[in-house]
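According to the numbering used here, the sequence shown holds residues 1 to 266 in order. Every residue, glycine too, gets a C-beta built ideally from N, C-alpha and C.
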Amino acid sequence: MPYVTIQNRQVYVEDQGSGPPLLLVHGFPLDHTMWRYQISALSASYRVIVPDLPGFGQSQWCESKKMSMENFANDLVALLEQLSISQPVVFCGLSMGGYIAWPFLQLHRDRVAALILCDTRALADTPKIARARLFMATHIVEQGLEVLLETMLPKLFSEKTRQERPQLFEEMQLIARKNSRNGVAAAQCGMSERPDVTERLPSIDVPTLLICGEHDVISPPSEMVEMAERIPGSLYVEIPDAGHLAPLENPVVVNQAILRFLASGF
Ligand code: MLT
Numbered sequence: 001m002p003y004v005t006i007q008n009r010q011v012y013v014e015d016q017g018s019g020p021p022l023l024l025v026h027g028f029p030l031d032h033t034m035w036r037y038q039i040s041a042l043s044a045s046y047r048v049i050v051p052d053l054p055g056f057g058q059s060q061w062c063e064s065k066k067m068s069m070e071n072f073a074n075d076l077v078a079l080l081e082q083l084s085i086s087q088p089v090v091f092c093g094l095s096m097g098g099y100i101a102w103p104f105l106q107l108h109r110d111r112v113a114a115l116i117l118c119d120t121r122a123l124a125d126t127p128k129i130a131r132a133r134l135f136m137a138t139h140i141v142e143q144g145l146e147v148l149l150e151t152m153l154p155k156l157f158s159e160k161t162r163q164e165r166p167q168l169f170e171e172m173q174l175i176a177r178k179n180s181r182n183g184v185a186a187a188q189c190g191m192s193e194r195p196d197v198t199e200r201l202p203s204i205d206v207p208t209l210l211i212c213g214e215h216d217v218i219s220p221p222s223e224m225v226e227m228a229e230r231i232p233g234s235l236y237v238e239i240p241d242a243g244h245l246a247p248l249e250n251p252v253v254v255n256q257a258i259l260r261f262l263a264s265g266f
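Here it is, written out as structure tokens:
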């Protein structure tokens with residue numbers, strides 16, 4: 001049953017394994033397949049829920065010109081309801097998935113058992129970056145995804161991954177290219193308006209693991225260390241030989257970190 005219906009839209013979701021629920025939320029402009037190594041390793045002991053966000057992968061776009069991070073968070077709650085999951089989940093998000101974690105936690109605190117924040121940021125966009133996103137969103141709708149892919153995809157991987165695993169780079173390019181133009185543009189608009197949540201970090205009251213690729217240039221280790229310092233009791237793990245897509249680039253170390261965190265029982 002890979003599809004559920006939310007507000008008359010088809011949403012693709014992988015639902016594998018049994019045990020405590022673990023929700024894996026992909027980054028931009030990718031889909032659930034970026035979690036492939038986590039799905040296989042974690043579903044042995046956990047119920048792993050891995051959706052394509054609306055407008056990405058095989059999930060339909062919401063017909064909305066802007067998808068705020070709150071909209072995505074509320075959609076994920078509707079997804080959990082469709083799957084009859086009432087128990088709090090471990091919310092694991094990468095980059096945009098992490099931006100969605102902030103409103104998910106704020107609006108649906110009772111649904112969160114723990115957080116895993118991968119290669120993500122608490123800061124808002126600067127006005128210049130926000131303007132560039134809006135410009136790009138218009139361009140994507142009118143002209144397609146090529147310029148976004150050319151400028152963004154090389155930044156997702158470490159130099160080592162680009163050199164040694166060019167097929168991974170090409171594969172992500174193919175996946176990103178299949179996304180709905182409107183869906184990608186709507187997410188860009190939503191990200192451009194997300195607030196700075198730095199001041200909220202000290203009030204996070206769930207166990208939190210932060211993971212960052214040592215060569216991440218989008219959400220660099222220095223920034224994630226600062227986030228970890230503000231989140232009470234959190235654990236920070238830096239992933240060698242990885243850039244922004246650490247779970248895909250160095251899955252062995254990422255999976256060890258996640259499994260150790262989950263096994264600690266919080
Ligand atoms: C992502 O990986 O989700 C993106 O880097 C998020 C962003 O564009 O800020």
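{"query": "Mapping the DSSP letters down to three states, classify T33 as helix, strand or coil.", "result": "helix"}
{"query": "For F91, write down the residues that DSSP places opposite it in a beta bridge.", "result": "L23, L115"}
{"query": "State the start and end residues of the unbroken alpha helix (DSSP H) segment that holds R162.", "result": "159-164"}
{"query": "Tell me where the beta strand (DSSP E) around R9 begins and ends.", "result": "9-16"}
{"query": "From this set, I211, R121, E226, which residue's C-alpha is nearest V254's C-alpha?", "result": "I211"}
{"query": "Anything with a beta carbon under 5 Å from a heavy atom of the ligand MLT counts; list them all in chain order.", "result": "G27, F28, S95, M96, I218"}
{"query": "Using DSSP with H/G/I as helix, E/B as strand and the rest coil, what is C62?", "result": "coil"}
{"query": "With DSSP as the reference, identify every bridge partner of R47, one or two as the case may be.", "result": "P21"}
{"query": "Give me whichever residues DSSP pairs with T208 in a beta bridge.", "result": "L115"}
{"query": "What whole-angstrom Cβ distance do G19 and N182 have, given they're in contact under 8 Å?", "result": "Their Cβ separation, rounded to whole angstroms, is 36 Å, which puts G19 and N182 out of contact at 8 Å."}
{"query": "Distance check for S45 and K128, CA to CA, integer angstroms please.", "result": "44 Å"}
{"query": "Determine, using beta-carbon pairs with one atom in the region 62-81 and one in the region 7-26, whether at least three such pairs fall under 8 Å.", "result": "yes"}
{"query": "Between the Cα of T120 and the Cα atoms of M227, A137, V252, A187, which residue gives the shortest distance?", "result": "M227"}
{"query": "Can you name the residues that DSSP bridges to Y3?", "result": "Y12"}
{"query": "Roughly how many angstroms lie between the CA atoms of V197 and T5, to the nearest whole one?", "result": "31 Å"}
{"query": "Do you know how far the Cα of A246 is from the Cα of A113?", "result": "23 Å"}
{"query": "Please classify P268 as buried or exposed, where buried requires at least 16 other C-beta atoms within 10 Å of its C-beta.", "result": "With the chain running from 1 to 266 in the structure shown, residue 268 is simply not present."}
{"query": "For R162, tell me which candidate among Q188, L209, A242, P207 has the shortest Cα-Cα distance.", "result": "A242"}
{"query": "How far does the alpha helix (DSSP H) with L259 in it extend, from its first residue to its last?", "result": "251-263"}
{"query": "Residues in its own chain within less than 8 Å of I239 by CB, not counting five upstream and five downstream?", "result": "I211, C212, G213, E214, A246, E249, N250, V253, V254, A257"}
{"query": "In the DSSP output, what is G213 paired with across the bridge?", "result": "I239"}
{"query": "Comparing C-alpha positions only, which one of G57, L156, R165, I85 sits nearest to D216?", "result": "L156"}
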